[in-house]
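Student: Quick note on our numbering: the sequence shown kicks off at 30 and runs consecutively. Before I ask anything, here is the structure I am working with.
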Amino acid sequence: MPEPELEKDFSLEGSMPEGAAPLESIVCTEELHRRPSRPPDFEKENRALVALVTALSDSASTIFQTLAETILNVTKCDSAGLSLLTPDGGKRYYWPAIAGMLAPHLGGGTLMPVVPAAEECLLVPFYVDGKAVGTIWGIMHSDRRRFDSEDERILNSLGQFASVAYRTVASVDNLKVQIAARETAEAELRERATGLEARVRRLIDANLMGIFTWNLEGRIVEANETFLKMVQWGREDVGSAGMRWTDLTPEQWRARDELAVADLKAAGAMQPYRKEYFRKDGSRVPVLVGATLFEEGGNDGVAFALDLSEQERAEEAFRRVEEQARAIVDSALDAVVAMDAEGIITDWNKQAEETFGWTRPEALGRRMSDTIIPAQYRLSHERGLKHFFKTGEGPVLNRRIEITALRRDGTEFPVELAITPLKSGDTWTFSSFIRDITAPRQAQEDLRKAQAELAHVNRVMTMGELTASIAHEVNQPLAAILASGDSCTAWLGNEPPNLDRARAALGRITQAATQASEIVQRLRALFRKTTSLTTSVDVNAVIEDTISLVHHETQRHNIFLRTELTRGAPSVSGDRVQLQQVILNLAMNGIESVAGLDNEPKRLMIRSTLSNPGELLVSVEDTGVGIDAEHADRLFAPFFTTKPQGIGMGLPICRSIIEAHGGRLWAAKNEPRGAAFHFILPARAE
Ligand SMILES: Nc1ncnc2c1ncn2[C@@H]1O[C@H](COP(=O)(O)OP(=O)(O)O)[C@@H](O)[C@H]1O
Ligand SMILES: [Mg+2]
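Set out below in structure tokens:
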């Protein structure tokens, strides 16, 4: 229903008793809609409306006060009331009813020193014949609770009622005025003015709810538009034989109706209850009905009927959503555990039962920290919770973390955990999604081990291919030792012995022996089966070591091997043996690719460059046969090889090592011919 326009000189905030509500305390609709809201409580609202309707048919004079108290009660505010524009052209307001903290100030006086000013004030105007005639309002004098959009919805609904009440009171007052003026008022008019019937008339016309008058025989004497619409009958049907309240009632509700009739006969009124009426088309409409007899012991009365279909639909939808949410939570593959602001478990799904070993009924109500958090983390958990309420921040909230959790049997296991805080109304809930990662962790560990084994096998095999080179490599310092030993002996045999020269020869021996020992150390490292070890690695040094291993191989095949190493390149973080294995594999592939060529320029180039700040690029380029376009996308697949003796594990191992180091490895064309393999590694943060 579109709201009538507020008139220009109708000021909302002016309707508040002076000093009660500063302008900034008035909350606007937009702001309310941004706030989390409690779910609608239709039952409470119905009860309030029924109480008001009953009050209206009882006594028009107290209806405004009842309304103020109803607002206080359903919105749980501190003060509530009704403001009306004076009838003299509506320039000023007066307050016919105030309830709550401001109540003692009804009718004037200063408010300020006694009552705290409004923290928040919710105002709703109401209208008669399209004209705003007043407002109803609620005030919070402290910040213990804030209004939400449910409060606004209820206030709007009560606003409609205020309009009915206003008209009822106004008509009574008018008639009283007329009676007084004429002095010769007929008794019947007085009867009408003060009697129940006039108020019933108002109620009927207001169409706030379905209203009809009836008699105990089952006849509906008169009904308003709202009621007719509810049951889909026309005005012309009223009073007809078909439209009897007894016939409108489905079989199953007849017994309940009889109880109500008995109450009516005994006490003149009945407790409102929920029932159904048939619509004209045979479908049913759920309603809340209440009725009174016009006079005790009489035969006629008035009844109201509140259409509950909207509410029931909303409730049904709400229930379905809740059911669905439950089903989703229960079928989740993760454990879903919720906890309240006090750290008490409030939800526990099926998977949580399986993961932790507590059933749902056992877990609910327990402290979260005592139930699933290992003792060593409990303190920081409780501290984190306190910190969150103080600052609104939580470093572990809203993201995935890996942590250890506790089973009922006391065992600890690794989990991935995501905690999200949720606020509904004034209360906080923390939902946690917890995944047991024991199996994936184990699988990861197994995979790592398998890769290490494979890498080791690959190293040993490569070393096997390099026996000649290795022998050559170790031979050089040994030959130097031999030669220097000979000359040392000769210098000592001189007469007199040339001690200086002999000492120099001994120095060369020591140097060569150290070199040999270093070579053997490095070779042993390559043969050893080590689990990976992260240290700071100087990639240039690794390249140089590798070259010494393949040096002999390149000479044998007349390959021109060159390096271009960027001096002062940053070191990387990783396993030295594994990185050497990568360079060795790539170099061996390059050598194998150029070895078969005759008379071509046979070149192998190894470079290190700083490609981007913080990134080291290593390239191994050859002028060999190059990569067939049709093989390009299979190079890194395990067991792909084009060599008769090949195994096809070199490149896949290289790639997995580089990726484990946080880098990337790829193949490209070399210009003008051959293949190039590049990898980048993140530089070590100093
Ligand atoms: N530098 C290169 N030039 C041309 N082809 C290469 C080069 N490096 C690797 N390949 C191709 O990739 C395949 C797989 O290499 P790799 O995984 O090291 O296994 P293998 O050397 O045992 O064949 C090789 O068989 C070859 O066809
Ligand atoms: Mg290979």
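For each residue, glycine too, the CB sits at the ideal point set by N, CA and C. As the structure is a prediction and not an experimental result, all values here were calculated from the model.
#1: For my contact list, Q610 and I686 are in at a C-beta cut-off of 8 angstroms; report their separation, rounded to the angstrom.
#2: Nearest to T595 by CA position, among L608, G110, S640, is which residue?
#3: Give me whichever residues DSSP pairs with L61 in a beta bridge.
#4: Hey, A332 and W243 are a contact pair by Cβ (cut 8 angstroms); roughly how many whole angstroms apart?
#5: Taking 6 angstroms as the cut-off, is the beta-carbon of G386 closer than that to any non-hydrogen atom of ligand 2?
#6: Nearer than 6 angstroms: is that true of the beta carbon of Y618 relative to any heavy atom of ligand 2?
#7: Could you give the C-beta distance for S460 and A367, rounded to a whole number, given that I count them as a contact under 8 angstroms?
#8: Using a 10 Å radius around the Cβ and a threshold of 16 neighbouring Cβ atoms, would you call G188 buried or exposed?
#9: Taking T164 as the reference, give the member of R174, S178, P125, A132 with the closest Cα.
#10: For a test of the three-state rule: what should DSSP assign to N527, helix, strand or coil?
#11: I want to check one thing, is the minimum distance from the CB of G703 to the heavy atoms of ligand 2 below 6 angstroms?
#12: Does H707 come out as helix, strand or coil in the three-state DSSP assignment?
#13: Could you give the distance in angstroms between the alpha-carbon of G413 and the alpha-carbon of R407?
#14: Rounded to a whole number of angstroms, what is the C-alpha to C-alpha distance between S513 and A500?
#15: Measuring only from the beta carbon, is K15 closer than 6 angstroms to any heavy atom that is part of ligand 1?
#16: Determine the DSSP secondary structure at R121, reduced to helix, strand or coil.
#17: When you compare each of A714, G679, N614 to S602 by their alpha carbons, which one comes out closest?
#18: With C-beta atoms as the reference, is V56 less than 7 angstroms away from L151?
#19: Are the stretch 343 to 363 and the stretch 373 to 384 touching, with three or more C-beta to C-beta distances below 8 angstroms?
#20: With a CB to CB cut of under 7 angstroms and the five nearest residues on each side skipped, what residues in its chain are close to Q480?
#21: What are the partner residues of C150, as DSSP defines its beta bridges?
#22: Between T99 and A132, what straight-line distance do the alpha-carbon atoms span, to the nearest angstrom?
#23: Where F669 and T583 are concerned, what is the direct C-alpha to C-alpha distance, given to the nearest angstrom?
#24: Check the DSSP bridge columns for E445 and list the partner residues they point to.
#25: Scan the stretch 570 to 626 and note each continuous alpha helix (DSSP H) run of 4 residues or more that stays entirely inside, going in chain order.
#26: Could you tell me which of D369, A533, E382 sits nearest to T456, measuring between CA atoms?
#27: Is it right to say M490 is buried, meaning 16 or more other beta carbons lie within 10 angstroms of its own, or is it exposed?
#28: Going by the C-beta, is S622 closer than 6 angstroms to any heavy atom of ligand 1?
#29: Using the Cα positions of K672 and L613, report the straight-line distance between them to the nearest angstrom.
#30: Smallest Cα separation from N618: which of Q607, H581, N628, L680?
#31: Consult DSSP for R219 and reduce its assignment to one of helix, strand or coil.
#32: Hey, which unbroken runs of the beta strand (DSSP E) at 3 residues or more fall wholly within the stretch 323 to 404?
#33: Please say whether G327 and T321 have beta carbons closer to each other than 7 angstroms?
#34: For S44, which residues in the same chain have their Cβ closer than 6 angstroms to its Cβ, ignoring the five residues on either side in sequence?
#35: Going along the chain, which unbroken runs of the beta strand (DSSP E) with 3 or more residues stay wholly within the stretch 618 to 669?
#36: Across which residues does DSSP place L414 in a beta bridge pair?
Tutor: With the given structure in hand:
#1: By one-based count along the sequence shown, residue 610 stands at place 581. By one-based count along the sequence shown, residue 686 stands at place 657. With 8 angstroms as the limit, Q610 and I686 qualify as a contact, their Cβ atoms being about 7 angstroms apart.
#2: Here residue 595 corresponds to residue number 566 of the sequence shown, with the count starting at 1. The option with the nearest alpha carbon to T595 is S640.
#3: Taking the first residue of the sequence shown as 1, we reach residue 61 at position 32. L61 is not bridged to any residue.
#4: Position 303 of the sequence shown, counted from the start, is the residue given in the question as residue 332. Position 214 of the sequence shown, counted from the start, is the residue given in the question as residue 243. With a Cβ gap of about 6 angstroms, A332 and W243 count as contacting.
#5: For the purposes of this step, residue 386 is taken as residue 357 along the sequence shown, with counting starting at 1. G386: no, Cβ never under 6 angstroms from ligand 2.
#6: Looking up residue 618 in the sequence shown gives position 589. The sequence as given places Asn at residue 618; Tyr does not occur at that position. True, at least one ligand heavy atom lies under 6 angstroms from that Cβ.
#7: Position 431 of the sequence shown, counted from the start, is the residue given in the question as residue 460. Position 338 of the sequence shown, counted from the start, is the residue given in the question as residue 367. 5 angstroms between Cβ atoms; contact.
#8: The residue given as residue 188 occupies position 159 in the sequence shown. It counts as buried.
#9: Here the question's residue 164 lines up with position 135 in the sequence shown. Of the candidates R174, S178, P125, A132, the one whose C-alpha sits nearest the C-alpha of T164 is P125.
#10: As a first step, residue 527 is located in the sequence shown; it is residue number 498 there, counting from the start. N527: coil per DSSP, three-state reduction.
#11: In the sequence shown, residue 703 corresponds to position 674, counting from 1. Checking every heavy atom of ligand 2 against the Cβ of G703, none is found closer than 6 angstroms.
#12: For the purposes of this step, residue 707 is identified with residue 678 of the sequence shown, where counting begins at 1. In the structure shown, H707 sits in a strand (DSSP, three-state: E or B).
#13: Sequence index remark: in the sequence shown, residue 413 carries index 384 (1-based). Sequence index remark: in the sequence shown, residue 407 carries index 378 (1-based). Rounded to the nearest angstrom, the two C-alpha atoms are 10 angstroms apart.
#14: Residue numbering aside, residue 513 sits at position 484 when the sequence shown is read from its first letter. Residue numbering aside, residue 500 sits at position 471 when the sequence shown is read from its first letter. For S513 and A500, the distance between alpha carbons rounds to 20 angstroms.
#15: The structure shown does not extend to residue 15, since the chain is modelled only from 30 through 715, so no value can be given for it.
#16: Stepping through the sequence shown from its first residue, residue 121 is reached at position 92. It is coil, neither helix nor strand.
#17: Position 573 of the sequence shown, counted from the first residue, corresponds to residue 602. Closest by alpha carbon: A714.
#18: Looking up residue 56 in the sequence shown gives position 27. Looking up residue 151 in the sequence shown gives position 122. Cβ distance < 7 angstroms, so V56 and L151 count as in contact.
#19: yes
#20: As a working note, residue 480 is residue 451 in the sequence shown. Cβ within range, chain order: S685.
#21: For the purposes of this step, residue 150 is taken as residue 121 along the sequence shown, with counting starting at 1. I55, I168.
#22: Working through the sequence shown from its first residue, we reach residue 99 at position 70. Working through the sequence shown from its first residue, we reach residue 132 at position 103. Cα-Cα distance, rounded: 14 angstroms.
#23: On the sequence shown, residue 669 is found 640 positions in, with the first residue counted as 1. On the sequence shown, residue 583 is found 554 positions in, with the first residue counted as 1. Cα-Cα distance, rounded: 25 angstroms.
#24: For the purposes of this step, residue 445 is identified with residue 416 of the sequence shown, where counting begins at 1. E431, R464.
#25: 605 to 624
#26: As a first step, residue 456 must be located in the sequence shown, where it is residue number 427. Comparing Cα-Cα distances from T456 to each of D369, A533, E382, the minimum goes to D369.
#27: On the sequence shown, position 461 is the one that residue 490 refers to. Per the 10 Å Cβ criterion, exposed.
#28: Looking up residue 622 in the sequence shown gives position 593. S622: yes, Cβ under 6 angstroms from ligand 1.
#29: What you label residue 672 is simply residue 643 of the sequence shown in a count that begins at 1. What you label residue 613 is simply residue 584 of the sequence shown in a count that begins at 1. When rounded, the distance between both Cα atoms is 18 angstroms.
#30: Within the sequence shown, the letter at position 589 stands for residue 618. Considering only alpha carbons, the answer is L680.
#31: Here residue 219 refers to the residue found at position 190 of the sequence shown. Any reading at R219 must be qualified, since the residue scores a pLDDT of 48, below 50, and its modelled position is unreliable; the value itself is stated next. Three-state result, R219: helix.
#32: 329 to 336, 364 to 369, 374 to 377
#33: Translated into the one-based positions of the sequence shown, residue 321 becomes position 292. Translated into the one-based positions of the sequence shown, residue 327 becomes position 298. In this structure, G327 does not lie closer than 7 angstroms to T321 by Cβ.
#34: On the sequence shown, position 15 is the one that residue 44 refers to. For S44, where only same-chain residues beyond five positions count, the Cβ hits under 6 angstroms are S112, Y122, T164.
#35: 632 to 641, 644 to 651
#36: By one-based count along the sequence shown, residue 414 stands at place 385. Paired residue(s): none; L414 is not in a bridge.
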